[in-house]
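Numbers in this note's numbering are just positions in the sequence shown, counted from 1, shifted up by 12. Written out below as structure tokens is the structure these notes cover.
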Amino acid sequence: MFRQSTFASIAPWMLLVCLCGAKVLAQNPEPAATAYDAVWAKLKEPLANRQYGAARDLLDNAAKSASLSGFQPVIAEDERDIGLLEELKKRVIQRCRGFQTGATVEVGSVAYEFIRFESDLTGDRLILKTLGNGRETERTLEQLPAKTWVALVISELGSTAENKYLIGVFHAVDKTGDRDEARKLLSAAAADGQQVSRWLERLAEKPEEARTPLTKAEKVQDPIVGTWRVVIGEGKREKAANVMFRPGGTTNLPGSKWLFDATTATYTVTLPHGGTAKVQLDPSQNGFRGRNAAGNPVRGVREADKSNQSRGK
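Structure, rendered in structure tokens:
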């Protein structure tokens, strides 16, 4: 009787401990959560600089990581939102292309006269004339404040829950975004049925200033370091520019970066307008070859090599 009553009193307690312990272990996401937090930390910079193609590449790599297998739903949601931001950028470009010469364009709180819209390897830009003194200036899309982007497209977007969500996310991640406006729009979108808790949590995070290391090129000189004549496309659609690849994964073009993957010997180059290109060095041609995200051919020749070839002719 003693043993039976003792077992009857102890067994339920032990069972409860085992069940609770198992539940805690099953729900404890710390290792994976820490891993995805690191991914999110890397995403902040390209998103802030409107380099959505680079952000998508980071997420594509994260989706292949076994340590993040439990976070595939979050990765999918972030990929979807990056897609929305890419569509927003396309709308801004379309709006800028549609300006008539002489139209008034406000950048921040300053009014300009529109001259033309240009697009090339270095990015997309508005050529403007300052009202009053008539001085010509240019503003790349990345230099336009977040509120200018929103002002350009808000009339055609409307005030649906989906668009409140989109503009809220844009303000939440952009370097010139209005965080208070982001919270306001996301809360309004939530009232209309949108799932926004992920973004409200991120907005509650303390801002941090951290540089994400790209490669070990700061310690070891990479063969791509130097000045190249880079050409994208062929024929009449060909666009070219001189690009200086610097140690540490940056270039002379604003917002442009490069990253080397030693396993595939491939360089991923982020262009100023947010697009990406993947290239490989071609020693036989003293250059590199590859394609951008749109499938267009990309080739590069060292400027020094071009000079030597010209002198040798």
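The beta-carbon is built from N, C-alpha and C at its ideal position, and this holds for glycine as well. All values reported here derive from a predicted model rather than from experimental measurement.
Around the beta carbon of K102, a 10 Å sphere encloses fewer than 16 other beta carbons of the protein chains shown; the residue is thus reported as exposed. Between the segment 195 to 206 and the segment 133 to 152, the count of C-beta pairs closer than 8 Å stays below three; the two stretches do not touch. When beta bridges are read from the DSSP output, A289 appears opposite V281, N304. Judged by DSSP secondary structure, E150 falls within the beta strand (DSSP E) whose first and last residues are 148 to 152. Minimum Cα-Cα distance from R68 among the listed residues E91, V51, K187, R314 corresponds to E91.
Distances from the alpha-carbon of E250 to those of R303, G261, T263 put R303 closest. Just measuring C-alpha positions, the residue of E89, R191, A163, G170 sitting nearest L215 is R191. Under a 10 Å Cβ-count criterion, D234 is classified as buried, with 16 or more other Cβ atoms of the shown protein chains found around its own Cβ. Look at the beta carbons and you see the segment 253 to 262 not touching the segment 52 to 68: under three pairs across the two are nearer than 8 Å.
P85 has its alpha-carbon roughly 35 Å from the corresponding atom of L265. Here A66 really is in contact with T288; their C-beta atoms are around 6 Å apart, less than 8 Å.
In this structure V122 is exposed. Its beta-carbon is surrounded by fewer than 16 other beta-carbon atoms within 10 angstroms. Secondary structure of R241 (DSSP, three-state): strand. Where G260 is concerned, there is no enclosing alpha helix (DSSP H), because DSSP gives it neither an H nor an E. Closest option to E246, judged by alpha-carbon separation, among P309, W211, T276: P309. Where A123 is concerned, the enclosing beta strand (DSSP E) starts and stops at 122 to 132. When the alpha-carbon of A184 is set against those of K159, E315, R109, the nearest one is in K159. Taking the Cβ atoms as the reference, L71 lies roughly 7 Å from I94, within the contact range of under 8 Å.
Excluding sequence positions up to five before and after D132, its CB lies within less than 6 Å of the CB of K251, all in the same chain and listed in chain order. Linking P284 to A47 through their CA atoms gives a straight-line distance of about 28 Å. In the three-state DSSP reduction, A252 falls in the strand class (E or B). Counted as a single uninterrupted DSSP element, the beta strand (DSSP E) harbouring E118 occupies residues 116 to 119. Burial check for Q292: the Cβ neighbour count within 10 Å stays below 16, so the residue is exposed.
For I94, the uninterrupted alpha helix (DSSP H) segment begins and ends at 84 to 109. If the five residues before and after F111 are omitted, its C-beta is found closer than 6 Å to the C-beta atoms of F126, all from its own chain and listed in chain order.
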